[in-house]
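A quick write-up on the structure given underneath.
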Amino acid sequence: MTFMHDLELYEIIKSFSGDLVALTGAGVSADSGIPTFRDKDGLWNRYRPEELATPQAFARNPELVWEWYAWRMRLIFDAEPNLAHKALALMEKVGLLKAVVTQNVDNLHERAGSRNVIHLHGRIDEMRCVECGNTVCLNEPPESIPPYCECGGMMRPNVVWFGESLPEKELNLAMELCRSSNVIVIGTSAAVQPAASLPYHAKRNGHFVIEINPDVTPLTDLADVSIRERAGKVFEMIYAILKEEEIR
Ligand code: OAD
């Protein structure tokens, strides 16, 4: 475990010559004002997941579940990508990063300019019909709650709830990427499987793991480099360097 300056981190990132994948969690969006789940003010310290984020909760009270997701959508749609999202997007653009694998349902990586984003836990800017599977993109929370599909079926947020499987294609792609790349893990408590075990695939195959998180996590000991700092702060300098190189 090492503590280092942002410039040293940038040198390490460059030394991978593009052989790098980012694994992000709620902490990468914390500096954009989006609440995390397990921090002191985190969502799971204020709300009960079994009442809001399970298929059973949706079957019991779809209005309540939709109200909560509409509130989160509003927060996310009004938020702006921070310097960590922006730096990761530029890193991809200049060939330093292959992909972002995210547990986040927000769209801040895409809005920062990242193109290759793998959403392991779904997307809050989509809803899906529980009957026919039709998926609809959203720029605003739905006007009426719960929303209905043209086929008459009820729509649900297109996110993964507790007790549900992760989308198979995305998970396989994420595992393949992490097995064959160095991984920079940003802002996850590593409390939720299978996402939490992805960095182990990298390590087991001889790759380097970097962690950026103000707190210690179960991944801290595994990481070759651990930077105990906010993501927005760590990427400030890297973003500035990349931006300058882009303009030149
Ligand atoms: P958590 O809330 O569990 O963890 C957020 C992590 O971000 C913590 O380890 C914080 O220390 C760290 N953090 C906070 N602020 C940060 C900052 N500014 N920069 C960097 N790190 C910071 O969120 P996740 O690990 O993403 O699942 O949670 C995983 C899954 O649990 C979520 O995708 C969600 C939740 O239940 C589903 O909704 C399926």
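At position 237 of the sequence shown the residue is numbered 236 (numbering that gives the first Met the number 0), and the sequence of numbers has no breaks.
Where a beta carbon is used, it is the ideal one built from N, C-alpha and C, also for glycine.
A quick note: this is a predicted structure, and the numbers were derived from the prediction, not measured.
Assuming residue i and residue j make a contact with CB atoms under 8 Å, what is their CB distance in whole Å?
i	j	result
Glu209	Val191	Note that residue 209 corresponds to Ile in the displayed sequence, not to Glu. With a Cβ gap of about 20 Å, Ile209 and Val191 do not count as contacting.
Asn103	Ala201	Not confirmed; about 20 Å, so no contact.
Thr101	Ile117	7 Å
Leu74	Ile12	30 Å between Cβ atoms; not a contact.
Pro54	Gly162	6 Å
Would residue i and residue j be called neighbours here (beta carbons separated by less than 7 Å)?
i	j	result
Asn171	His206	no
Glu125	Cys150	no
Leu6	Phe234	no
Leu241	Val20	no
Leu137	Ala173	no
Ala189	Leu218	yes
Val64	Gly121	no
Ile237	Ala86	yes
Tyr68	Pro141	no
Taking the DSSP output, what are the residues bridged to residue i?
i	result
Glu210	Val184, Ser225
Tyr147	Met153
Arg127	Thr134, Arg155
Val191	Answer by DSSP bridge pairing: none, since Val191 is not bridged.
Gly121	Val158
Val20	Ala98, Val182
Val233	Answer by DSSP bridge pairing: none, since Val233 is not bridged.
Val116	Val99
Return the CA-CA distance between residue i and residue j, expressed in angstroms with no decimal places.
i	j	result
Glu10	Ser28	24 Å
Leu42	Ala78	17 Å
Leu107	Asn204	30 Å
Asp223	Arg59	46 Å
Leu119	Glu169	6 Å
Ala52	Cys128	17 Å
Arg227	Asp30	15 Å
Arg45	Gly17	40 Å
Pro80	Ala56	31 Å
Ser164	Met90	31 Å
Please go through the same chain and pick out, in chain order, the residues whose beta-carbon is closer than 6 Å to the beta-carbon of residue i, but skip the five residues on each side of it.
i	result
Gly112	Ala88
Can you find the residues in the same chain that come closer than 7 Å, C-beta to C-beta, to residue i, ignoring five residues on each side of it along the sequence?
i	result
Phe36	Ala25, Leu42, Trp43
Pro61	Pro145, Met153
Ile123	Tyr68, Arg71, Met72, Ile75, Val104, Asp105, Pro156, Val158
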